[in-house]
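Residue numbers (our numbering), protein chains in the order written: chain R, 20 to 529; chain G, 29 to 138.
So this is what it looks like as structure tokens:
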């Protein structure tokens, strides 16, 4: 059993504590520690991605055997999520080092705690532990959202904190129900016990399952639980908003994990309980997100709505609950995280060079570096709305292809294609206002040059989406295998509980 | 006893939801606190209610309460306590910075 699985959780936790202990040291020390930890986690994450094809690997915390102890489980899905997190975290940390981390206290400690919570949520194989890691990443995100202060952030913070506290409370209700019914919270053990519940528990188990769906939908900003997202993401500091691009994906990941493993196709009282709800809600989210992007008067708000639209697209693919759909969703998860993070950072660069106009979509004097930033905006726009040649196009193509054999094909195709067109209009209009409808004359006060380092980070992120498009073959082979792992749940259960547990439960495949 | 615990949970949930739907931050915070109390009681009850049994596992004890929900409740209490403290500080800061205790950060038009 390799101990590397726990490193992406333990390392940021220790470094965060160390940074807090060294709170009086200069910012340089904090930066060095934070950067070293994030870079190391990124290296380990990529090693885990390469190690994951061997199959599932479970790690018993404190060597307590499951289902009594907590387990961490590494499979392809969790490896990809941890690696995506580390890429986005590294980019937003490097961007924050350009000066954002000076705007308030404890940025780096909060950042490391956030990283710990994210990695923990992706790796854990225990439902209560998932709740705990949700809380870790949420409380760090509350601090990060308020980083830098200002009225808009406090206003958005109140909504964000209260809705997430309510969501967490409902998570606990679902956990209590599940424990009361099955006597276990280990996901693999739940996957065995939930299908065997007696008919008299039908109402309770379905209520628990749908409560979990609602809780994860709050995190994933699924309609009608999305109202917190535009304000929060639109007002957070740029590197924080870029990091938050992965946070909604935690909700999507949890839906993917729990509703294939525990409430999946295994015949039972709560089999496929999410199926009638997820796809319609996801398509509605996509429509609302795109309309919001069209109506936005600010580049950052528009990006926030595009995040919402990308969550809609992603969850629509998840909501198909087919092998191809899940594989497409995995490709799209990675793409949309990187692309929206790049767009958030770019909106900040635009705001810097426009002085008092900030990122509002109004005519203003020309930028200081219109060609570079305009070029990056073109690439980021192409990636986010899903035009060739970048990865957004391939992601959407895979989703359309995944929907083809299902009965929902007409709805998915119609909504995805029409909203893509509307998103193109929104992004093109924003770009033409910012870069072309420039006013002649003096620049307003407060105009500063966007640092070359920041622009370089955005370029690297966009180059990654291009690389994802170029290497789409190997990448989709990996996501196909990950989707197969998710659907054939026996391997997961066997790796956690041992082979006998599966045989005695006489499980059937998908 | 089951009826008593169940109605306590229900009443606290109900009051919590009512208070959470108020437009001022203070009632919302109190509502969240009530909500977490109700949940703590509910998690505790998920291990089944027992009276007069051995509290710890001993060879001679035939029946004992499930210890796991107690551990879960402990974790939930600690987290809820921290979160409540945070939301109170945030509400105070919002009141100082925005000059209103309305949850939207501005007074509604009269």
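Glycine is no exception: its CB is placed at the ideal position from the N, C-alpha and C atoms.
The C-alpha of residue 59 (chain R) lies about 16 Å from the C-alpha of residue 48 (chain R). For the 7 Å CB-CB criterion, residue 316 (chain R) and residue 380 (chain R) form a contact.
In summary, the residues of the stretch 37-70 of chain G whose CB is separated from some CB of chain R by less than 8 Å are 48, 53, 56, 60, 63, 64, 67, 70, in the order they occur in the chain. Within the stretch 171-194 of chain R, those residues whose Cβ lies closer than 8 Å to any Cβ of chain G are, in chain order, 173, 174, 176, 177, 178, 180, 181, 184, 185, 187, 188, 191, 192, 194.
Contact annotation: residue 342 (chain R) and residue 500 (chain R) have beta-carbon atoms that are not nearer than 7 Å.
Under the 7 Å criterion on CB atoms, residue 199 (chain R) is classed as interfacial with respect to chain G.
Beta-bridge analysis with DSSP links residue 130 (chain G) to G:52. Classified as exposed, residue 124 (chain R) has fewer than 16 neighbouring CB atoms from the shown chains inside 10 Å of its CB.
DSSP places residue 170 (chain R) in the uninterrupted alpha helix (DSSP H) bounded by 170-201.
Interface annotation for the stretch 124-138 of chain R against chain G: empty, criterion Cβ-Cβ distance under 7 Å. In the three-state scheme derived from DSSP, where H, G and I count as helix and E and B as strand, residue 97 (chain G) is classed as helix. Of all alpha-carbon atoms in R:326, R:374, R:390, the one lying nearest the alpha-carbon of residue 268 (chain R) is that of R:326. DSSP places residue 503 (chain R) inside the alpha helix (DSSP H), whose first and last residues are 491-506. Straight through space, the alpha carbons of residue 363 (chain R) and residue 385 (chain R) are spaced by roughly 20 Å. Taking 7 Å as the cut-off, the beta carbon of residue 106 (chain R) is found no closer than this to the beta carbon of residue 27 (chain R). DSSP lists R:79 as the bridge partner or partners of residue 90 (chain R). Taking the beta carbon of residue 74 (chain G) as reference, the chain R residues within 8 Å of it are 195, 196, 198, 199, listed in sequence order. Comparing C-alpha distances from residue 43 (chain R) to each of R:128, R:142, R:458 shows the shortest one belongs to R:128. Listed along the chain, the chain G residues whose CB falls inside 9 Å of the CB of residue 259 (chain R) amount to none; the nearest CB is some 16 Å away.
A Cβ-Cβ separation of about 14 Å leaves residue 234 (chain R) out of contact with residue 297 (chain R) under the 8 Å criterion.
Ranked by Cα distance from residue 107 (chain G), the options R:33, R:272, R:190 are led by R:190.
In this structure, the alpha-carbon of residue 345 (chain R) lies about 33 Å from that of residue 82 (chain R). Just so you know, the alpha carbons of residue 113 (chain G) and residue 65 (chain G) end up roughly 15 Å apart. Identification of chain G residues near residue 151 (chain R) by a Cβ-Cβ cut-off of 8 Å yields 103, 107, ordered along the chain. In the displayed model, residue 456 (chain R) falls within coil according to three-state DSSP, outside both helix and strand.
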